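A.B. asks: Supplied in structure tokens, the structure appears directly below.
Number of protein chains: 2
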Amino acid sequence: MDAVQDEAAGKRARGLDRAFEILDFLRQKRQALKPNEIAAQIGAPRSSVYELVNLLLQNGILEFTGGEGRVYLGRKLYFLGAAYENHFDFTRECEAALEQLADETRETAQFCMLDGNRYTVVRMREGARPFRISTDVGQSVPIPWTASGRLLVAHLSDQEILNFIPPQDFRLPNGEWLEPQTFIAEVRQAEREGLFTFNSIVDSFTHCFAVPVRGEEGHAAATLCLVTPRDDGIANRDRYLDCLKKAAAGLDHAPSRPKRT
Amino acid sequence: MDAVQDEAAGKRARGLDRAFEILDFLRQKRQALKPNEIAAQIGAPRSSVYELVNLLLQNGILEFTGGEGRVYLGRKLYFLGAAYENHFDFTRECEAALEQLADETRETAQFCMLDGNRYTVVRMREGARPFRISTDVGQSVPIPWTASGRLLVAHLSDQEILNFIPPQDFRLPNGEWLEPQTFIAEVRQAEREGLFTFNSIVDSFTHCFAVPVRGEEGHAAATLCLVTPRDDGIANRDRYLDCLKKAAAGLDHAPSRPKRT
DNA sequence: ATCACATGTACGATATATTGGACACAAATG
DNA sequence: CATTTGTGTCCAATATATCGTACATGTGAT
Chain A
1 MDAVQDEAAG
11 KRARGLDRAF
21 EILDFLRQKR
31 QALKPNEIAA
41 QIGAPRSSVY
51 ELVNLLLQNG
61 ILEFTGGEGR
71 VYLGRKLYFL
81 GAAYENHFDF
91 TRECEAALEQ
101 LADETRETAQ
111 FCMLDGNRYT
121 VVRMREGARP
131 FRISTDVGQS
141 VPIPWTASGR
151 LLVAHLSDQE
161 ILNFIPPQDF
171 RLPNGEWLEP
181 QTFIAEVRQA
191 EREGLFTFNS
201 IVDSFTHCFA
211 VPVRGEEGHA
221 AATLCLVTPR
231 DDGIANRDRY
241 LDCLKKAAAG
251 LDHAPSRPKR
261 T
Chain B
1 MDAVQDEAAG
11 KRARGLDRAF
21 EILDFLRQKR
31 QALKPNEIAA
41 QIGAPRSSVY
51 ELVNLLLQNG
61 ILEFTGGEGR
71 VYLGRKLYFL
81 GAAYENHFDF
91 TRECEAALEQ
101 LADETRETAQ
111 FCMLDGNRYT
121 VVRMREGARP
131 FRISTDVGQS
141 VPIPWTASGR
151 LLVAHLSDQE
161 ILNFIPPQDF
171 RLPNGEWLEP
181 QTFIAEVRQA
191 EREGLFTFNS
201 IVDSFTHCFA
211 VPVRGEEGHA
221 AATLCLVTPR
231 DDGIANRDRY
241 LDCLKKAAAG
251 LDHAPSRPKR
261 T
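Chains A and B, in that order, are what the protein sequence lines are.
Using UniProt numbering, you'd call the opening residue of the first sequence number 1 and step up by one each time.
Using UniProt numbering, you'd call the opening residue of the second sequence number 1 and step up by one each time.
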């Protein structure tokens, strides 16, 4: 519904929201930070951050690490994440699919999902020529920057897409502005064709292939992608797409199916 | 400090604490539940639980699954847990150690840690005779019930141990009462010897071996364990302990060492 | 039909969590 | 030496989150 909640000025933030904002921020930074630094960088009152950090420390959600009072994500989060992974048991099948893709194509293969209203690489298998991939596993990236993004929002209406994606995420990394209507047209095209491919707009030398992995609700719960050198990708387009579709078929309905019961 | 905080009557619970209580409860249950059921089973006001569940749903911390409005741990927790695992990169080395133990002993090997003030099996490798192990991976268990428990609290003073472990956890599964002083004596013995072994008090047919894996602070951050049939365990005691110590030495200082930086 | 129960929603009262600002201290900077 | 910056703690004010209660619904039992 309200994708952006922190727009009103002079309003107090809810502790829970702030807490998860802190956790997400630490995940993005991927390093331990002092409460003071966190407060400054997320633009939250220092006293609130100190209070919340202490609460989270007591719960094992955060841990002291790196010295100097720095904190990072805690063990409890690992346990909770492991329980999620155990329930929605996509990991094993996912790894097998990536393995298969890597074997057949020798290219870099990725398993991607939405993280809130952004895109993230959940698992990756490096290809035979491991060139520098621009997005690391676990980093969240604006949806419009990625081929997978076209598939992951395809179940939403045009208006829902516009509400869902933060407006500033249509600003591409090279500074250009991607017209939302252009993006939506690509989404609809991807939806019809059941795939999306393009020359990456994050770098200037890769071609990206994405196909949907469908969940219980029938829409794309995740995607499988290949990231290839541009020449290679264009030369092997049909074969690569076949490999992707085959691998995705093996995962379909898996990501949201409980392990048992 | 204050291990038990929900003792005072007529006091409001803090949303954050309640929220993580809900998450932990779902993890213990390992299944999706309706908000109503959660409220009833953790003894929290229904209106509060509905409010919190909705907040957590909006944040992706919880997800609808299983129909009928049931909720379970969400994808965001998986991402946060993965970030923790990536930072404190014990997984790879841990798996190798378990593999090695399983090869050398053919017995069930476990990697265990504290989860707050209880004990949990983080990873397990089934042995050649996979009999029914009483504790599953991810379930949390009273510290006094386990061999590892003796090692995991050994860095605390006697008084700290008593404050740390919930009093009711000294009630053993067979109904007997384990005198805290007896437990503490065993803790000190384990600390001196750098190991603890006993016939399991959870079941009646296994023998347990535990050795510490030391973290940066020098005390047991985790343990490696073997769970064996009693005869086997007693017959091979010395060899098994050697295997454990060797494997633990390979992990020492690893659990809390960042991958890089 | 009547009752009991499970489930979800709505709302007001009040206990309290969030917040800005003051304070203390150390370290860096001029 | 004076000043600025970074860090953490403490405190009171008030906006609001929590919680009891009431209400609405569906379902199954008696």
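C-beta atoms are modelled at their ideal positions from N, C-alpha and C, and glycine is treated no differently.
For clarity, every value in this text was computed on a predicted model and none was experimentally measured.
With a threshold of 7 Å between beta carbons, is A:Leu-55 in contact with chain B?
C.D. replies: yes
A.B. asks: Give a yes or no on whether the minimum CB-CB distance between B:Glu-7 and chain A is below 7 Å.
C.D. replies: Because the pLDDT of B:Glu-7 is 45, which lies under 50, any placement of that residue in the model is unreliable, and the question is left without a value.
A.B. asks: Hey, how far is the Cα of B:Leu-73 from the Cα of A:Tyr-84?
C.D. replies: 6 Å
A.B. asks: Is B:Phe-90 helix, strand or coil by DSSP?
C.D. replies: coil
A.B. asks: Does DSSP put A:Val-227 in a helix, a strand or coil?
C.D. replies: strand
A.B. asks: B:Val-121 to B:Glu-63, Cα distance in whole Å?
C.D. replies: 25 Å
A.B. asks: Beta carbons nearer than 9 Å to chain A: which residues of the segment 138 to 160 of chain B have them?
C.D. replies: Within the segment 138 to 160 of chain B, the qualifying residues are Gly-138, Ser-140.
A.B. asks: Leaving out five residues on either side along the sequence, give the residues of the same chain with a beta carbon under 6 Å from the beta carbon of B:Arg-129.
C.D. replies: The answer is none, since no qualifying residue turns up.
A.B. asks: Which residues of chain B have a Cβ atom closer than 8 Å to the Cβ of A:Met-113, listed in chain order?
C.D. replies: Arg-75
A.B. asks: Going along the chain, which residues of the segment 61 to 89 of chain A sit with their C-beta nearer than 9 Å to a C-beta in chain B?
C.D. replies: Ile-61, Glu-63, Thr-65, Gly-66, Tyr-72, Leu-73, Gly-74, Arg-75, Lys-76, Leu-77, Tyr-78, Phe-79, Leu-80, Gly-81, Ala-82, Ala-83, Tyr-84, Glu-85, Asn-86, His-87, Phe-88
A.B. asks: Over what stretch of residues does the beta strand (DSSP E) that includes B:Asn-36 continue unbroken?
C.D. replies: Where B:Asn-36 is concerned, there is no enclosing beta strand (DSSP E), although the alpha helix (DSSP H) it sits in stretches over 35 to 42.
A.B. asks: Report buried or exposed for B:Ile-42, applying the criterion of at least 16 other Cβ atoms within 10 angstroms of its Cβ.
C.D. replies: exposed
A.B. asks: Applying the criterion that 16 or more other CB atoms from any shown protein chain within 10 Å of the CB defines a buried residue, is A:Phe-205 buried or exposed?
C.D. replies: exposed
A.B. asks: May I ask you to list the residues that DSSP assigns as paired with B:Phe-198?
C.D. replies: B:Cys-208
A.B. asks: Which value, in whole angstroms, describes the spacing of the CA atoms of B:Asp-169 and B:Trp-177?
C.D. replies: 9 Å
A.B. asks: Would you mind reading off the limits of the alpha helix (DSSP H) that contains B:Asp-242?
C.D. replies: 237 to 251
A.B. asks: Under 7 Å, Cβ to Cβ, is there at least one residue of chain A near B:Asn-59?
C.D. replies: Nearest CB-CB separation between B:Asn-59 and chain A: below the 7 Å threshold.
A.B. asks: The alpha helix (DSSP H) spanning A:Thr-108 covers which residue range?
C.D. replies: That residue, A:Thr-108, is in no alpha helix (DSSP H); its beta strand (DSSP E) goes 108 to 115.
A.B. asks: Measure the CB-CB distance between A:Leu-55 and B:Leu-16 and report whether it falls below 7 Å.
C.D. replies: yes
A.B. asks: Just verifying my parser: in three-state terms, what is the DSSP assignment at A:Ser-148?
C.D. replies: helix
A.B. asks: Whose CA, out of A:Leu-26, A:Arg-46, A:Asp-231, lies closest to the CA of A:Ala-13?
C.D. replies: A:Arg-46
A.B. asks: Would you list, in chain order, the members of the segment 19 to 30 of chain B that have their beta-carbon closer than 7 Å to a beta-carbon of chain A?
C.D. replies: Ala-19, Phe-20, Leu-23, Arg-27, Arg-30
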